[in-house]
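This report refers to the structure that appears directly beneath it.
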Amino acid sequence: MIEIPSDLNKGLVPLAFLLGDWAGAGVHDFPGSEKCNFGQEVSFTHDGRDFLEYTSHSWVLDGDGGKVRPLESEHGFWRIDAHRKVEVTMTRDDGVIEIWYGELADQKPQIDLVTDAVARTAAARPYSGGKRLYGYVKSDLMWVGEKQTPEVELRPYMSAHLKKVVTPEDVERWAKALPDDMPDDGIAFFK
1 MIEIPSDLNK GLVPLAFLLG DWAGAGVHDF PGSEKCNFGQ EVSFTHDGRD
51 FLEYTSHSWV LDGDGGKVRP LESEHGFWRI DAHRKVEVTM TRDDGVIEIW
101 YGELADQKPQ IDLVTDAVAR TAAARPYSGG KRLYGYVKSD LMWVGEKQTP
151 EVELRPYMSA HLKKVVTPED VERWAKALPD DMPDDGIAFF K
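If you count by the UniProt record's numbering, then the sequence shown holds residues 1 to 191, one letter each, in order.
This is the structure:
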């Protein structure tokens, strides 16, 4: 269910499907790096201004799904204009700062992004750009990332399937929003 908070900046309504806390797992595979399954927590928040704040933390998973060690962390800001053009500024824990541009698909909650600018610290690994695809599919957030380096052509390196994290406050808010004429047995609701 996509909720649009009453205090969300009106220009951000097309990105409302991203809002909230998400958690799930995915696969990481890129030449020169360890191939692994990873866990991920992502958060998209807002404070009424014209951007969404984004944080992502991922970690390597062992064969039983337990956390082994951190994999990647990102922090950024997402904006959208009246023509559905999306811009993202992102800082990554490995010493990379990126500017991404893309657009929100017509008639569906899907965003294609490509890097426009990349800055790296001296300690950062080689990296020259990437692409990302985010989509809201059957109430889940899915994404795939591609990257390239001077030695490796653009190719997929990470993808994840994330589920919305439900808090007790969410359940309370939804319960208060139920109509007063709900059937007692619940069965009539489905007839």
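Even glycine gets a Cβ: it sits at the ideal position worked out from N, Cα and C.
Alpha carbon of residue i to alpha carbon of residue j, nearest angstrom
i	j	result
E172	Q107	31 Å
G186	C36	Confidence in G186 is poor, its pLDDT being 49 and thus under 50, which makes the residue's placement unreliable; the coordinate value appears in the next sentence. Cα to Cα, the separation comes out at about 44 Å.
L12	H75	18 Å
F77	M90	7 Å
R84	E103	6 Å
A122	H46	33 Å
S139	L113	21 Å
P168	K176	12 Å
P5	T115	30 Å
S128	Y101	15 Å
K147	I111	17 Å
N9	D81	12 Å
R79	D94	23 Å
A117	R155	18 Å
Nearest candidate by alpha-carbon position, reference residue i, set the options
i	options	result
G39	D50, P31, G26 and G48	G26
R120	M158, A23, A16 and T149	T149
S159	K138, S139, K131 and E151	K131
P109	R125, M142, V96 and S6	M142
V88	V152, I99 and V60	I99
W59	R69, V137 and P14	R69
V96	R125, D81 and V86	R125
L162	P156, V144 and L154	V144
S52	G66, V86, V137 and K67	Just to set this straight, residue 52 is Leu in the shown sequence, not Ser. Answer by Cα proximity: V86.
R92	Y54, G65 and V137	Y54
C-beta contact flag for residue i and residue j at 8 Å
i	j	result
D50	V165	no
V42	S56	yes
A16	I2	yes
L71	F44	no
G48	D7	yes
P14	V152	no
D29	Y157	yes
Beta strand (DSSP E) segment containing residue i, residue limits
i	result
E72	K67 to I80
R120	Q110 to R120
Y101	V96 to L104
E41	C36 to T45
Q148	D140 to Q148
A124	Element bounds for A124: n/a, residue is neither H nor E.
Near the ligand GDP: residue i beta-carbon under 7 Å from a heavy atom
i	result
K35	Inclusion of the ligand GDP in the displayed structure is not the case, the ligand content being empty and no account of it being possible.
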